[in-house]
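Shown next, in structure tokens, is the structure this report addresses.
Protein chains in written order, with the working numbering: chain A, 4 to 453; chain B, 4 to 453.
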């Protein structure tokens, strides 16, 4: 048993013993997580945890703790946390714990390196390059050409798309700022993820220059509304520059009609981005990928393997059809870091493409899972998830006290329904019922994803 | 031995066996990493690794690999990578492998959760809150008040600072875009990190509106130059809004004089950001923290525990003195995710402060290291690193064929020197020698950090 007061010293045997004791805690945790009879969460309010639960103190002190206590801290941290890998854990966009992915993360942490140059992460940089190419092939870009990078989540990936679109249309903004461009407007669905709005604020477009598009009863963009709003914006003297089509919206799981949107983008020379953070995974399925038909016409795509594909958090890719734009947009030529006269082919260095400097290795777990499942393994996983959502849909559809939010089978794994409280069940359909139900929305509208 | 063709299935015993075999690979790797007689890197060119080294194929296939092969892939990935924890690995800004930090990362991966709300990460959200408060206390803000968030690296943290400054001075930019503001200018040292320049491009200021400040022979900003340039900008009708002071520059390890810069910021109502990504760690040392005197006057601070403090990558904090600005700047009120009517105190939810949606758990490894070392342990670590750099300085100073880049003891762990090739040693000091040396800079200028 480890009892030394000091932190583990490098290279000594009890260092390894300590690590193995942590592994013991972690494997026990994983075992229990997979056991349906355990709790998903033993909930406590913030003030309870802050006050210290049975000796578990979050406070940081001047003096070191014993390694014994560190092990207790590890156990307690897991004890009061959420078992996201539990079979009964349902989150909007992720669940489950893939063991190969987990092993990949452990290896990544152990390698503890950085994606910015080939010299510091030769294997990971190449894995990223090959995997991005594979993803572009699956999107349908000729020979998988183009560019891309893994970023810290879908919101940042979406932000990249707006940045790159701006650089393509108004490269002078990089040097002169937004005032060098005319008034630019962006378009996205009223059901799209809020990160598009965030990007418009962050990048200096302003949220009022993001125009929201109307959707049909299933939450899909109405292309005619896009065209009307583009024409309207142009008449006002604004310049439409960017359209986001969502492939798998957050709440409804809706797929915008990409081909029809692409026609309009081509007609008016606008950048087409597909936010497939959530729905991108369906590209792996021959049965379901038709829902993203037209994605090969996009200029950029966000695709988060950490959602539908079950890769541990974080793993999000931004893919760009035209090569050189990411680099042109983000390059600052910091000579002291990205020296052009290294002893190897520096085109493999990725630092100048990113808005980050150091960049976490997000690729390995995904690459390892792909090796382990094969492309067909991901396909099976996706098909299975969609079968399950159809199963749930049929279970709920005719159940007393439940109402589907929209008619017809789910397009994605989002199954949206209302639970109608008994007091409302006898009310006739209509405005009053709708309003009273809406007042209870946060309690009774549930979106389940597997 | 694991031989099943399928990926490990949840809950079955061979899943655990597989994980333990990975752990065996990892602990062997760590043992060898700490052994000075091993290589830091077995270098191969990109084309060599891409062609497949002794059967190590990076290609992704349709069919699954056996778990046996997955274990081989793990071994090969480590074999051709860089041992960043090796005693002889010297990188600009990080080195070593802290075992407690590593254990923290393994636990983080196993918990596989997300920082956006309290309900999905109760323990980690509180740890982040307490740790950020502690960091603000150490900076010297009264009662540790203020705000902050962990972000995916120093470049993003610095970007936050510019965003928040813009929001403070021109909140309307969030809605109306950069054209709603006058021509805003930013200031930073010519020696500062390129992320400030990147932020000015990304956020729509334009890189030409970032004004570079001259530095003295040690690479520190000359305050008079800042004031002159502020006056000059105002005369041109521009609005000076943001100044970055670097605490520990990337190459020289220089500390800008924060107090003198703060005087000028107060005089002209500019936001003062301190980029302490690299030098922030010195705040933990009673002996060295005076180099950051005045930091308590900053409006925001970047501080990366993953650099000087040895925390595994990634771990970077942006700290903001005024509460509410991060939220005001970044909030998009996405009702479906950040419901205000949850059953707990939702002020603990952090999602609306971030430019990300999902956010990786970067806090736990840092918190665990702090528990294990105590504040005094970090202090010892910092003091020891600076002692070592002074030792190296004395070793090199009078050595034949070497010249220090600047006079006097290093301020940080950067020890900057030239190696003078024999052919240049007899040349008298002067322009010719300097020029011929400069042509060889990438070969002979070395910055060592511990």
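Every residue gets a Cβ at the ideal spot worked out from N, C-alpha and C, and that includes glycine.
Quiz item: Just by C-beta distance, which residues in the region 292-310 of chain A are closer than 7 Å to chain B?
Solution: none
Quiz item: Where in the region 159-247 of chain B do unbroken runs of the beta strand (DSSP E), each at least 3 residues long, occur, reported from the N-terminal end onward?
Solution: 187-192, 213-216
Quiz prompt | residue 305 of chain A - containing beta strand (DSSP E), residue span | solution = 303-306
Exercise. Could you say if the region 164-178 of chain B and the region 216-232 of chain A meet the contact criterion of at least three C-beta pairs nearer than 8 Å?
Key: no
Quiz prompt | Reference residue 226 of chain B; option with closest CA among B:261, B:86, B:257 | solution = B:261
Practice problem: Work out the CA separation of residue 157 of chain B and residue 252 of chain B for me, nearest whole Å. | Solution: 13 Å
Quiz item: chain B partners of residue 359 of chain A, CB-CB under 7 Å?
Solution: 155, 156, 158, 159
Quiz prompt | Length of the line joining the Cα atoms of residue 336 of chain A and residue 118 of chain B | solution = 33 Å
Quiz item: How about the region 60-73 of chain B and the region 103-116 of chain B: do they share at least three Cβ pairs that are nearer than 8 Å?
Solution: no
Exercise. Anything in chain A within Cβ reach of residue 65 of chain B, meaning under 8 Å, just list it in chain order.
Key: 377, 378, 379
Quiz item: Under three-state DSSP, which class holds residue 357 of chain B?
Solution: coil
Quiz prompt | Three-state secondary structure assigned by DSSP to residue 381 of chain A | solution = helix
Quiz prompt | Completely contained alpha helix (DSSP H) runs for the region 246-291 of chain A, where each covers 4 or more residues | solution = 261-270
Self-check item: When A:209, A:285, A:102, A:38 are compared against residue 382 of chain A, the one with the closest alpha-carbon
Solution: A:285
Exercise. Tell me, please, whether the CB atom of residue 335 of chain B is closer than 8 Å to any CB atom in chain A?
Key: yes
Exercise. Give the residues from the region 247-260 of chain A that approach chain B closer than 9 Å (Cβ to any Cβ), ordered along the chain.
Key: 253, 254
Quiz item: Taking only beta-carbon atoms, is residue 321 of chain A less than 8 Å away from chain B?
Solution: no
Practice problem: Could you name the residues that DSSP lists as bridge partners for residue 321 of chain B? | Solution: B:152, B:305
Quiz item: Relative to the alpha-carbon of residue 75 of chain A, which residue among A:254, A:57, A:91 has its alpha-carbon at the smallest distance?
Solution: A:57
Self-check item: Beta-carbon neighbours of residue 193 of chain A, restricted to chain B and to distances below 7 Å
Solution: Chain B residues near residue 193 of chain A: none, gap ~12 Å exceeds 7 Å.
Quiz item: Is residue 405 of chain A helix, strand or coil by DSSP?
Solution: strand
Quiz prompt | residue 372 of chain B (DSSP reduced to helix, strand or coil) | solution = helix
Quiz item: In chain A, which residues lie less than 9 Å from residue 409 of chain B when you measure between Cβ atoms?
Solution: Chain A residues near residue 409 of chain B: none, gap ~16 Å exceeds 9 Å.
Quiz item: How is the alpha helix (DSSP H) around residue 70 of chain B delimited, first residue to last?
Solution: 70-82
Practice problem: Under 8 Å Cβ to Cβ from residue 151 of chain A, same chain only, skipping five residues before and after it: list those, please. | Solution: 135, 138, 139, 320, 321, 322, 323, 329
Self-check item: Burial state of residue 197 of chain A, where buried means 16 or more other Cβ atoms lie within 10 Å
Solution: buried
Exercise. For the alpha helix (DSSP H) containing residue 426 of chain A, list its first residue and its last residue.
Key: 425-428
Quiz item: Leaving out the 5 sequence neighbours to the left and right, which residues in its chain are closer than 7 Å to residue 79 of chain A when beta-carbon positions are compared?
Solution: 59
Self-check item: Proximity winner among A:85, A:431, A:44, A:377, relative to residue 73 of chain B (alpha-carbon distances)
Solution: A:377
Quiz item: Would you call residue 403 of chain B buried or exposed, if buried means 16 or more other Cβ atoms sit within 10 Å of its Cβ?
Solution: exposed
Practice problem: Return the chain-ordered list of same chain residues with a C-beta closer than 7 Å to the C-beta of residue 223 of chain B, the five sequence neighbours on each side being excluded. | Solution: 257, 258, 259, 260
Exercise. Look at the alpha carbon of residue 280 of chain B and the alpha carbon of residue 318 of chain B, and state the distance between them as a whole number of angstroms.
Key: 10 Å
Practice problem: Please name the residue, chosen from A:246, A:103, A:441, A:126, that lies closest to residue 55 of chain B on a Cα-to-Cα basis. | Solution: A:126
Quiz item: By Cβ distance below 6 Å, which residues in the same chain neighbour residue 308 of chain A in space, the five residues on each side in sequence not counted?
Solution: 314, 318, 369
Quiz prompt | Of the listed residues B:51, B:161, B:422, nearest to residue 405 of chain B (C-alpha basis) | solution = B:422
Quiz item: Taking the C-alpha atoms as reference points, what is the distance between residue 230 of chain A and residue 164 of chain B?
Solution: 38 Å
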